[in-house]
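In this note's numbering, the protein residues as written are -13 to 111.
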């Protein structure tokens, strides 16, 4: 019998999806960190040599993947400013195709809600 995906495995699934998106957008990967609650998950550079810190957050649907902890994000933005980097946020919602209350299993169909990458302003208000 299949075991439901762990929180780390769900996070890795979200990271794979976001990584492919970043690659298609032409970003060059400098560092990748797939450990839960270690930020940023990706450090990338664009063609102009601008650095980007990418936060990937996986949530179980029906939770909204576009919501994040605003207070925590402000401290992270400060870290990005100190490193002359911009912040990108990628929220990924994952759910079982069999129903909202069902677990998500490896090698089975799943639902994915991904609205793309959000650029978060790091300027002080």
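Just so you know, even glycine gets a beta-carbon here, dropped at the ideal spot from N, CA and C. Keep in mind it's a predicted model, so treat the numbers as computed, not measured.
Return helix, strand or coil for residue i, following the three-state DSSP convention.
i	result
residue 77	strand
residue -5	helix
residue 84	coil
residue 98	strand
residue 107	coil
residue 6	helix
For residue i, which option in the options has the closest C-alpha, if you only look at C-alpha atoms?
i	options	result
residue -6	73, 107 and 43	43
residue 13	20, 22 and 28	28
residue 74	102, 9 and 20	102
residue 20	66, 0, 56 and 11	0
Could you tell me the distance, in whole angstroms, from the CA atom of residue i to the CA atom of residue j?
i	j	result
residue 38	residue 87	36 Å
residue 34	residue 5	19 Å
residue 2	residue 71	22 Å
residue 16	residue 64	20 Å
residue 99	residue -2	15 Å
Suppose the cutoff is 7 Å on Cβ atoms and the five residues either side in sequence are ignored; what does the same chain contact list for residue i look like?
i	result
residue 83	95, 96 and 97
residue 91	-12, -10 and -9
Among the residues of its own chain, which have a CB less than 6 Å from the CB of residue i, if the five just before and after it don't count?
i	result
residue 106	73 and 75
For residue i, which residues from the same chain have a beta carbon less than 8 Å from its beta carbon, with the 5 sequence-adjacent residues on both sides left out?
i	result
residue 54	41, 43, 75 and 77
residue 51	43, 44, 45, 77, 78, 79, 99, 100 and 101
**Item:** Whole runs of the alpha helix (DSSP H) within the region 25 to 70, excluding any shorter than 4 residues
**Value:** Look at the region 25 to 70 and you find these whole runs of alpha helix (DSSP H), each 4 residues long or longer: 56 to 68.
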